[in-house]
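J.: The following block contains the structure, expressed as structure tokens.
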Amino acid sequence: MSEMLAFDQVVAGYGSAVVLHGLSFSLAQGQSLAVLGRNGVGKTTLLETLMGNTRVMRGAVRWCGEDLGRWPSYRRVRAGLGWVPQEREVFPSLTVEENLTVVARPGPWHLRRVYEFFPRLRERRGNYGNQLSGGEQQMLSIGRALMTNPKLLLLDEPMEGLAPIIVEELARSIRRLCESEGLPSIVVEQHPVLALEMTHQAIVLERGTVVHAGSSAALAGNARLLEGFLGVGAAEAHIHNNTGASNDSNDLDDRLA
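For what it's worth, our numbering labels the leading residue of the sequence shown as 20, then goes sequentially.
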């Protein structure tokens with residue numbers, strides 16, 4: 020597979036503060052990536068750097084073979100980066116439909132298709148952004164990113180603060196985007212086993228650099244690494260692997276019924 024994205028010895032941060040210390044990894048075309056690590060290790064900064072919101076002091080970020088360099092954020096969106104920020108950042112004074120259409124760009128994702136993907140958004144299309152639940156706002160934030168017709172979806176803590184049943188529903192949607200819809204993603208997530216179930220590859224960060232890289236399946240099955248890098252106990256991993264989000268969507272449908 021050809022390379023879609025690469026960080027090459029990237030040193031980046033905010034002002035004079037360095038957060039990423041020589042960060043290097045690559046992502047192949049068609050693959051999805053889990054970015055894992057404890058709090059404060061640079062996971063969100065990785066995404067912010069990809070979107071042009073940090074100061075890059077050294078190294079290069081390549082997107083489809085091009086050095087992003089000093090590209091402004093809007094050019095990165097036009098190039099195919101779809102951003103779902105941790106704070107969701109829906110427009111509170113716009114309706115659901117206005118939130119979606121205001122960012123629309125030509126491509127396979129359009130209003131009807133987003134409504135088919137997230138039926139709740141169709142039901143609430145006339146509601147304002149500040150009238151939605153947390154889960155609905157997250158669906159709207161993802162739907163808005165899809166309306167830009169991205170080549171890669173960037174998800175920063177998409178499950179934060181949501182009820183378990185909504186977490187499972189969103190996890191199924193993200194897996195469907197990658198596996199059925201052919202849209203790769205980078206997922207920063209505090210629920211590591213859940214993130215591993217949604218992705219092909221995984222990296223673990225410590226102090227702004229990669230300390231582990233490999234397949235998501237291999238990391239999910241390695242209790243020693245999960246405990247050592249992420250503090251995930253064997254019992255938690257076992258629960259996720261046996262009762263968490265499944266590759267068979269019918270299992271989740273049964274639990275949501």
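Glycine residues also receive a C-beta, built at the ideal position from the N, C-alpha and C atoms.
The model shown is predicted, which means the values in this text are computed figures rather than measured ones.
Which value, in whole angstroms, describes the spacing of the CA atoms of arginine 77 and serine 21?
T.: The residue labelled residue 77 in the question sits at position 58 within the sequence shown. The residue labelled residue 21 in the question sits at position 2 within the sequence shown. Roughly 24 Å between the two C-alpha positions.
J.: Please classify glutamate 135 as buried or exposed, where buried requires at least 16 other C-beta atoms within 10 Å of its C-beta.
T.: As a first step, residue 135 is located in the sequence shown; it is residue number 116 there, counting from the start. Under this definition glutamate 135 is an exposed residue.
J.: In angstroms, rounded to a whole number, what distance separates the CA positions of aspartate 267 and threonine 63?
T.: As a position in the sequence shown, residue 267 is number 248, starting the count at 1. As a position in the sequence shown, residue 63 is number 44, starting the count at 1. With a pLDDT of 36 at aspartate 267, under the threshold of 50, the predicted position of this residue should be treated as unreliable, though the coordinate-derived value follows. About 30 Å.
J.: So histidine 14 and serine 235 are in contact, right, with Cβ under 8 Å, and what is the actual spacing, rounded?
T.: This structure leaves residue 14 out entirely; the chain is present only between 20 and 276.
J.: If you pair each beta-carbon of the region 58 to 73 with each one of the region 81 to 97, do three or more pairs fall below 8 Å?
T.: Yes: at least three Cβ pairs fall under 8 Å.
J.: Using a Cβ distance threshold of 8 Å, determine whether the region 109 to 120 contacts the region 42 to 54, with at least three qualifying pairs required.
T.: With the cut-off at 8 Å, the region 109 to 120 and the region 42 to 54 do not touch.
J.: Measuring CA to CA, which of Pro183, Arg139, Trp128 and Leu140 is closest to glycine 201?
T.: Taking the first residue of the sequence shown as position 1, residue 201 is located at position 182. Closest by alpha carbon: Trp128.
J.: Below 6 Å CB to CB, which residues in the same chain sit around leucine 87 once its five sequence neighbours on both sides are set aside?
T.: Looking up residue 87 in the sequence shown gives position 68. Counting only Cβ-Cβ distances below 6 Å, and skipping sequence neighbours, we find Val80.
J.: How should glutamine 28 be labelled, buried or exposed, when 16 other C-beta atoms within 10 angstroms of its C-beta is the threshold for buried?
T.: What you label residue 28 is simply residue 9 of the sequence shown in a count that begins at 1. So glutamine 28 counts as exposed.
J.: By a C-beta neighbour count over all protein chains shown, 10 Å radius and 16 as the cutoff for buried, is proline 91 buried or exposed?
T.: Start at 1 with the first residue of the sequence shown, and residue 91 comes out as number 72. So proline 91 counts as exposed.
J.: From the DSSP output, which residues share a beta bridge with glutamate 225?
T.: Position 206 of the sequence shown holds residue 225. In DSSP, glutamate 225 forms a bridge with Thr228.
J.: Between the alpha carbons of glutamate 116 and arginine 144, how many angstroms are there, rounded?
T.: Counting from one through the sequence shown, the residue named residue 116 turns up at place 97. Counting from one through the sequence shown, the residue named residue 144 turns up at place 125. Their backbone Cα atoms lie some 5 Å apart in a straight line.
J.: Any idea what DSSP makes of threonine 120, helix, strand or coil?
T.: The sequence position of residue 120 within the sequence shown is 101, counting from 1. Reduced to three states, the DSSP call for threonine 120 is helix.
J.: Would you call the CB atoms of glycine 56 and leucine 174 closer than 9 Å?
T.: The residue you call residue 56 lines up with position 37 of the sequence shown. The residue you call residue 174 lines up with position 155 of the sequence shown. No; because the gap between Cβ atoms is not below 9 Å, this pair is not in contact.
J.: Looking at the C-beta of serine 45, does it have a partner C-beta in chain E at a distance below 9 Å?
T.: Here chain E cannot be found, since the structure has a single protein chain.
J.: So which of Leu24, Ala47, Arg74 and Arg243 has the shortest CA-CA distance to valine 30?
T.: Here residue 30 refers to the residue found at position 11 when the sequence shown is read from its first residue. When only C-alpha atoms are compared, the closest one is Arg74.
J.: Tell me the rounded alpha-carbon separation between asparagine 146 and glycine 153.
T.: Translated into the one-based positions of the sequence shown, residue 146 becomes position 127. Translated into the one-based positions of the sequence shown, residue 153 becomes position 134. Distance between the alpha carbons of asparagine 146 and glycine 153: 14 Å.
J.: Closest by CA to glycine 162, which one among Ser192, Glu179 and Glu176?
T.: Your numbering for residue 162 matches position 143 in the sequence shown. Answer by Cα proximity: Ser192.
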